[in-house]
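Heads up: the sequence shown runs through residues 4 to 299, numbered per this note's numbering. Glycine included, every Cβ here is placed at the ideal spot set by N, Cα and C.
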Amino acid sequence: GISELLVKATPLALIAVGLSFCFKNNLYNIGAEGQLTMGAVVGGGIGIYFHDTQGFWVLPLMVCGGAIGGALWAAIPAFLKIRFNTNEILTSLMLVYIALLILDYLVVGPWKDPNGFSFPKTRKFGDSGRMPILFSGLRVHFGIIITLIGIFVSWLIFSKTMLGYQLKVTGFSPIASRYAGFSQNKLIYIAFIIAGACAGIAGLGEVSGPIGLLYRDISPNYGFTAIIVAFLGRLHPIGIVFASLVIALTYLGAEDAQLFMQIPAAVGFVFQGLVLFYLLGAELLVNYKIVFRKKI
C-alpha cells in the first residue's frame, strides 16, 4: 500500500539528497551503504545502551549518533582524497564492506541478544529509542518528517546560500572555482560529511523505525539504490522526492512478484540497473553528438 511505499522511499530520498552534495561537486561517493550501516551501528549502539531508560532525549541522541557515525565514516574517503589524491570511488566502496563486517561482528559477538535463540541480532530497543508511528496500524514513522526537513534544508542550501553556489561552481569548473578563491578541500569535506550524515540518519531511521533492532541485513542495498534515485531526480531535491517514490515501487513490485509469481526478488535490482543504464545512455545522447565518419 501507500504506507509501505513511503517506508521504502523515506531512506532512499534522504540518502539521495545527501549524495547530491557530492555529485554536484563531481565527487563520486559510492559508499553510502557503508555510511548508512555505521550510522545504524552508532545510533543503534546508543539505543542498546539506554535500553531500559525512559526519556524523550534518547531518540534525539540516537539520531545525532547516527549522523555522527555516518559523517565520520564518509570523512575517511574525503581525507584520503585530499591527503593522498586517492580515488573516492574505490575508497568509499571498500569502506562499505568494512562497515558490514563491523556490523556482522557486533550482532554475532558483544551485542548479540542472549535471549535471541542464537540468531545474529541484538535485543530490541526500548520504547524511548523507537521512531514514533505517525498513523495507527501503519508502518509510516517519524523518519519521513526528518527526510522532508532534510529535503527542504538541501533546497535552501542549493538555492539560497553561498555554500550551494560554491558546490555547483566547483562541480562545473574546478579551475573557475580555484580562481574565485573557493577552498576545494573544504568543499570536499563538507560534501562528504553531509552525505554521510544523511545516510547515517537514514540507517538509524531503519533500525529504530520498522526493524527496532540491529541484525545483519538492515538494508536492502538502499545506499547503492539511492545513487540511481539521485541521478533520476537530476540531483534536485524535488526531483529526488518523485524519483524515490518511483524506485520504491521496484522494491514492492519485486516482493509481490516473488510472493505471487515465484519470480526471484532480484528482478527488482535488474530493473533498477536498467533504469540507470537508460538514464546514462540518455545523458550521453544529450551531451554528445554521434558522428559517423564517411569512408574515403
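Alpha carbon of residue i to alpha carbon of residue j, nearest angstrom
| i | j | result |
| --- | --- | --- |
| S121 | K115 | 8 Å |
| Y168 | A74 | 22 Å |
| F185 | N29 | 15 Å |
| R181 | I191 | 13 Å |
| L252 | G46 | 28 Å |
| L9 | I149 | 13 Å |
| T13 | K297 | 52 Å |
| A260 | A269 | 10 Å |
| G140 | L93 | 43 Å |
| I243 | F272 | 19 Å |
| Y291 | M65 | 47 Å |
| L137 | S6 | 10 Å |
| H144 | K11 | 11 Å |
| W60 | S157 | 25 Å |
| I309 | E286 | The displayed coordinates of the chain run from 4 to 299. Any statement about residue 309 would go beyond what the structure contains. |
| I266 | F274 | 13 Å |
| T89 | F195 | 14 Å |
Run of the alpha helix (DSSP H) containing residue i, from where it starts to where it stops
| i | result |
| --- | --- |
| A3 | Because the chain is modelled from 4 through 299, residue 3 falls outside the range shown and cannot be assessed. |
| K171 | 165-175 |
| T13 | 5-27 |
| S95 | 91-111 |
| K84 | 61-87 |
| A260 | 240-264 |
Residue(s) in a DSSP beta bridge with residue i
| i | result |
| --- | --- |
| Y218 | K124 |
| I136 | H144 |
Integer-rounded CB distance, given that residue j should sit under 8 Å from residue i
| i | j | result |
| --- | --- | --- |
| F53 | G119 | 19 Å between Cβ atoms; not a contact. |
| K124 | Y218 | 4 Å |
| G132 | S211 | 6 Å |
| A77 | A198 | 6 Å |
Burial state of residue i, where buried means 16 or more other Cβ atoms lie within 10 Å
| i | result |
| --- | --- |
| P2 | Given a span of 4 to 299 for the chain in the structure shown, any question on residue 2 remains unanswerable. |
| G276 | exposed |
| Q38 | buried |
| K189 | exposed |
| L159 | exposed |
Residue i CB to nearest heavy atom of the ligand MN below 8 Å
| i | result |
| --- | --- |
| A77 | Within the structure as shown, the ligand MN is missing, as the structure has no ligands at all. |
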